[in-house]
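Take a look at the structure below.
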Amino acid sequence: MDTGRKKWHSCKLHFSLENMEKLGRKLKLSDFTKISFDLFQFVGIRVYKYNPEEKKPLKEKIAFCMIMINMMFHFYAKNCYPIYHSFDDPIELTAFACYAGFVVNSLCKIIAVWSGRFILKEVLCKMEEIFPKTDESIIEYRLNEYYTKIEFYMRSLYIYHISTTTMFNFFPLGQSIVEKIITGGDFVYRFPFIIHYPFNEKKFPIFYFAYFYQIMAAYILSCFFLGADLLLVAIVHLACMHFDYLARKITNFVPTGTDEDLIELGKFIRYHDDILSLSFKINEVFKVSILMNYIASCGVICMIGFQITAGSEILDMLKFFAFLISSLVHVYFICYFGSNLLQVSGDIADAVFSHQWYKGNNKYMKNLPLLLARSHKPAFLTAFKFFMVSMESFKSLGTTSYQFFTLIKTKYDEEE
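Residue numbering for the sequence shown follows the numbering used here, starting at 154 and increasing by one per position.
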């Protein structure tokens, strides 16, 4: 029986090693966070260094200075618009509200990550310490499976969000060029977003400079918005991997009836304490970001729904519909991984009950309730202690957004 089990384990190890050879290298913790950190580095921000001796390149310092100038100007220009201009109709007002909501949400996300960078450093350092490094541990943790899953989610979200940003950026210019070619009339100066300028922006070549400046701001905010969300789901996914590994380890553990079982039990308790502590620290870093994500997403979804149903132009409807899907997908991903964290951390209690604890001696069974008591306290994400993040909160977001949407639509129809 033991010989057969060893052969099966050897075959499983060989099969997994072949999978690793297809990847070309062993996975590292940095592979899970690469996309999010690349987005931050693109805008000149280093939240965490995997290599402490690595120096910040000059191009990143220059990029950061340019980005700060761009953000300060657009923050001023965005806030000045309602002061110096009046909105033509509710459609223009709701469009402005959508843009403003996205700006506030993006800035809150990057501020939350930057202010919590020291806690984030503790989390990543600890995760790097317990990250599976040997061939056998890589198999036991199902590392390749977890990496394949998170890479698919992160790349899909990245491609869709950047595509939506690109659509918003270039549709107005493309529309004006096409109209100019077809009709032969005057060039219509359109911009991606509603902003006040202290100069005449509808004049060549100032128009192209102002247009480029808006494009730059849109991609910067997208990096803030997307980078924070991808970093959150990647770290939560890693925490889920550790909880899942521990649950399987406890389930498969067979006590021998000796005092050596207490050593294994102690390892389980310490490991569980470590990953539970990491989960609480993750929540500490991102709780404000999650709350703002819900508030802003609720408003944006409501306003976009109004834009689509109020009779906007077809191109505007396409843009805002893509924006609506992007907002929903972002919140869905956070809720999905939040639910996973809640579930796998709760599986520890089931694992304690289901393993063959009755084969242990009296000392083992007396100490077992210590792990059981800890396992009844699951890990979870919260929106600044207002509510727990799960698929239920995603449903409530949709319900709340729809209620606000019907209220605004009814008010608009009455005024018509």
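Every residue gets a Cβ at the ideal spot worked out from N, C-alpha and C, and that includes glycine. Computed from a predicted model, the values in this text were never measured in an experiment.
Suppose the cutoff is 8 Å on Cβ atoms and the five residues either side in sequence are ignored; what does the same chain contact list for residue i look like?
i, result
"PHE486", "TYR306, LEU310, ASP382 and VAL386"
"PHE352", "ILE359"
"PHE249", "TYR234, PRO235, PHE240 and ILE347"
"PHE195", "ALA216 and CYS376"
"GLU437", "GLY269 and ILE272"
"VAL505", "ILE403, LEU521, LEU524, LEU525 and SER528"
"ILE422", "LEU523, LEU524 and ARG527"
"TYR237", "HIS349"
Taking 8 Å as the cut-off, decide whether the C-beta atoms of residue i and residue j are in contact.
i, j, result
"GLY452", "PHE193", "no"
"VAL331", "ASP397", "no"
"PHE185", "TYR300", "yes"
"ILE501", "HIS390", "no"
"ILE348", "HIS227", "yes"
"CYS261", "MET445", "yes"
"SER554", "CYS455", "yes"
"PRO408", "TYR517", "yes"
"ILE457", "PHE476", "yes"
"ASN514", "LEU418", "no"
"ALA400", "ILE435", "no"
"PHE533", "MET541", "yes"
"ILE403", "HIS529", "no"
"MET280", "LYS472", "no"
"HIS395", "ILE428", "yes"
"SER189", "LEU384", "yes"
Check for me: the alpha helix (DSSP H) holding residue i runs from which residue to which?
i, result
"ARG308", "296-336"
"ARG527", "515-528"
"ASP184", "182-195"
For residue i, I'd like the list of residues in its chain whose CB is within less than 6 Å of its CB, leaving aside the five on either flank, ordered along the chain.
i, result
"ILE277", "Position check: residue 277 holds Leu in this sequence, whereas Ile was assumed. Contacts found: TYR201."
"ASN322", "PRO345, ILE368 and ALA371"
"PRO285", "ILE291, TYR294 and LEU296"
"MET544", "CYS488 and SER492"
"SER268", "none"
"PRO210", "none"
"VAL441", "ALA265 and PHE537"
"ILE373", "VAL196 and ILE220"
"ILE561", "PHE459"
"PHE255", "none"
"ASP414", "PRO408, GLY513 and TYR517"
DSSP three-state label for residue i, please.
i, result
"THR409", "coil"
"THR287", "coil"
Please work out which residues of its chain come closer than 7 Å, Cβ to Cβ, to residue i, disregarding the five sequence neighbours upstream and downstream, and give them in chain order.
i, result
"HIS314", "SER375, LEU379 and SER479"
"TYR366", "ASN223"
"LYS356", "none"
"PRO325", "ARG343, PHE344 and PRO345"
"VAL257", "ALA449"
"LEU550", "TYR447, SER450, CYS451 and VAL484"
Pick out the complete alpha helix (DSSP H) segments inside the region 201-254, 4 residues or longer, and give them in chain order.
211-237
Hey, which unbroken runs of the alpha helix (DSSP H) at 4 residues or more fall wholly within the region 448-506?
none
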